[in-house]
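*Asks:*
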Amino acid sequence: MPPYLLAAGALIVFLYIIKNRRSRKLPPSPPSLPLIGHLHLIGRVAHRSLLELQVRYGGGGGLLFLQLGRRPTLVVSTAAAAADLFKNHDLAFASRPRSVGGDKLMYECSNVSFAPYGENWRRGKKIAVVHLLSPRRVESFAPVRAAEVAALVARTRRTAEAGEAVELRELLNGYANAVATRAATGAAGATAEKLKELMGNSEPEALMAGFQPEDVLPDAPARFVRWVTGLNKKLEDLVESWDKFLSDIVAAHKEKGGGDAEEDEDFLDVLLRLREEGADGLELTDDRIKATVKDMIAAATETSSQTLEWTMAELIANPRVMSKLQGEIARVVSADQTTIAEPDLNKMEYLRAVFKEVLRLHPPAPLLVPHESTTPAVVQGYEIPAKTALFVNVWAIGRDPAVWDAPDEFRPERFVGGSPSVDFRGTDYQLIPFGAGRRICPGINFALPVLELALVSLLHHFEWELPAGVGKADLDVGEAPGMTTPRRIPLVLVPKCRTLVQPALQ
Ligand code: HEM
């Protein structure tokens, strides 16, 4: 084709795109640059940058429209805008943007978290809700939680007796990971250690978080950049190690065969049994089973351990809240009691309020997991095109001054009393650390006893202090960048034994 025809064709396409963009009514947007759009405006901690942009450029409707490289993106930053979105447009935005990392690390996105909206996601999610994370199944893992919390207390006691300080992140991550791993695969000992090593590898975060070559470049040059920078190789290596690990566990489960009583099954047993039974129309291939198991472990570990780390930091920074919570625990658990009975957790109203307040201020997924629209939608009168990514800034929503009194203060009392009190299960849009609507987290019932049992045990058995020379002012450190938001600097505290007895290790 002659070059002048090519040039004319390109010009027509360009003018068409410009015309379409101009004629469409989009939400407010900051000035942008060619090619990268607004990418340069996003700092290392994305949810903070997005709130700053909202304050500076967004209108009163809590919406902002950004062009992040090639990706049109809608950002929702207020409780009112989130309520409108989840009540009226949930279906339109129920998909996920595809990513190279998600495709490779999660077997073509055949896990629940990254699956595009459609029949496979619907059936996979149903399996998660009905078979893996139902209240009855969660209850069946009580012995796993009891054993792992006993190990957590034993580890802490050794540190306390040696008069040493402990890095909470490592301790809590080990605990959360052990519970998730045992529930998902039954693995303990060496297998669990290997899994911890794979999880501890920070590469998946680095390879999937932040902006990727595909965000700016068309597919072919993006692949070239991945190849030249070694990103591809790192990703392939990681995929291979994970796959070998998961394949070995699946093989071991197949060899063992089914036949466990249902209450003794781990997730992998359940998935293999459902395959035998012809589960709900979803073809449970080995890859899908591996993706599901990996999804559950990944979704359960960082979220829970980060929440616990932030909780301990807030309690140390707020001694009034710490002593009130210790008082509540002392009223329910007698001083010589070695283990905490899970039903007793339901008697601790303030405990639940503390976790709500921590998740309001420090949601582990501050922008949820990105959604994507599958159809055009008119939101607050703005015309949002199909294939627009959606970030719901739950970190900003938790601090929205229109709905929260003194939003930056750590005050669990705001959740005590009140009828009905604000909950985090996806219907009170000012508090949605687990998301809302179709994509809401199915793991809330799994997460709560894991969090509550650990915190109550750590406060029942130990007093906690800052190491010598560290002041409360040093606790305010902000978040590290990434898809989840651990503290930028790990929390280090000194435990002192309050009880002499050691809970039985199982
Ligand atoms: C403190 C603990 C947790 C928090 C704060 C949390 C938060 C979230 C959030 C924000 C999402 C995304 C919602 C959205 O995109 O709209 C999500 C999705 C998900 N979570 Fe959790 N989560 C936690 C624990 C767990 C646990 C323990 C499990 C499983 C054992 C789990 C499994 C999942 C799955 C499978 C999804 C994907 C749902 C979908 O795409 O439909 N999560 N979680």
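Counting from 470, one number per residue, gives the positions in the sequence shown under this note's numbering.
Ideal Cβ positions, reconstructed from N, Cα and C, are used throughout, including at glycine.
Just so we're clear, the structure is a prediction, and the values are computed from it rather than from any experiment.
1. Determine contact between the stretch 637-654 and the stretch 601-614, defined as no fewer than three beta-carbon pairs at a distance below 8 Å.
2. How is the beta strand (DSSP E) around Arg540 delimited, first residue to last?
3. On a CA-only basis, which of Val847, Ala905, Pro936, Gly850 is nearest Phe555? Give me that one, please.
4. For the beta strand (DSSP E) holding Leu753, just list the boundary residues, first then last.
5. Which residue comes first and which comes last in the alpha helix (DSSP H) that contains Ala923?
6. Given a cut-off of 8 Å, decide if Met575 and Lys763 are closer than it, judged by their beta-carbon atoms.
7. According to DSSP, is Gly571 part of a helix, a strand, or is it coil?
8. Specify the secondary structure class of Trp873 as computed by DSSP and reduced to three states.
9. Touch check for the stretch 576-591 and the stretch 883-903: three-plus C-beta pairs under 8 Å?
10. Please specify which runs of the alpha helix (DSSP H), each continuous and at least 4 residues long, are wholly inside the stretch 695-742, giving them in chain order.
11. With distances taken from CA atoms, which of Arg565, Ile505, Thr807, Val545 is nearest Arg517?
12. Within the present structure, is the beta-carbon of Met575 separated from the nearest heavy atom of the ligand HEM by less than 7 Å?
13. Give the DSSP-derived three-state secondary structure of Glu588 in the structure shown.
14. Considering only heavy atoms of the ligand HEM, does any lie closer than 7 Å to the CB of Lys594?
15. Could you check the C-alpha separation between Asp813 and Asn642 for me, to the nearest Å?
16. Please report how far the alpha carbon of Glu932 lies from the alpha carbon of Ala584, in whole angstroms.
17. Is Trp873 buried or exposed, if buried means 16 or more other CB atoms sit within 10 Å of its CB?
18. Under the rule that 16 or more other beta-carbon atoms within 10 Å means buried, what is Thr977, buried or exposed?
19. What would DSSP say about Ser564, mapped onto helix, strand or coil?
20. With respect to the alpha helix (DSSP H) encompassing Lys793, which residues constitute its N-terminal and C-terminal limits?
21. In angstroms, rounded to a whole number, what distance separates the CA positions of Ala720 and Leu741?
22. Could you tell me which of Glu783, Pro911, Phe736 sits nearest to Asp945, measuring between CA atoms?
23. Verify whether the separation of the beta carbon atoms of Phe879 and Val790 is less than 8 Å.
24. My parser needs the beta strand (DSSP E) runs of 3 or more residues fully inside the stretch 836-889; what are they?
25. Going by DSSP, which residues form a beta bridge with Cys966?
26. Say yes only if the C-beta of Val838 is nearer than 7 Å to one or more non-hydrogen atoms of the ligand HEM, and no if none qualify.
27. Using the beta-carbon count (16 or more within 10 Å), is Ala942 buried or exposed?
28. Would the C-beta of Thr954 count as close to the ligand HEM, meaning under 7 Å from any of its heavy atoms?
29. Apart from the five residues on each side of it in sequence, which residues of its chain come closer than 8 Å, Cβ to Cβ, to Ala786?
*Replies:* In short, the structure shows the following:
1. Counting C-beta pairs with one atom in each stretch, the stretch 637-654 and the stretch 601-614 have three or more that are closer than 8 Å, which means they touch.
2. 540-545
3. Ala905
4. Per DSSP, Leu753 lies in no beta strand (DSSP E) and is assigned neither H nor E.
5. 913-930
6. Taking 8 Å as the cut-off, the Cβ atoms of Lys763 and Met575 count as close.
7. helix
8. coil
9. Counting C-beta pairs with one atom in each stretch, the stretch 576-591 and the stretch 883-903 have fewer than three that are closer than 8 Å, which means they do not touch.
10. Taking only runs of at least 4 residues, the alpha helix (DSSP H) segments lying wholly in the stretch 695-742 are 700-725.
11. It is Val545.
12. no
13. Looking at Glu588 - three-state DSSP - the assignment turns out to be helix.
14. Indeed, a heavy atom of the ligand HEM lies less than 7 Å from the Cβ.
15. 24 Å
16. C-alpha separation (whole angstroms): 44 Å.
17. buried
18. The chain is shown from 470 up to 975; residue 977 falls before or after that span and cannot be answered.
19. strand
20. Taken as a continuous stretch (DSSP letters only), the alpha helix (DSSP H) holding Lys793 covers 788-801.
21. 11 Å
22. Glu783
23. yes
24. 846-848, 851-853, 858-861
25. Phe931
26. yes
27. exposed
28. no
29. Phe879, Lys941, Leu944, Asp945
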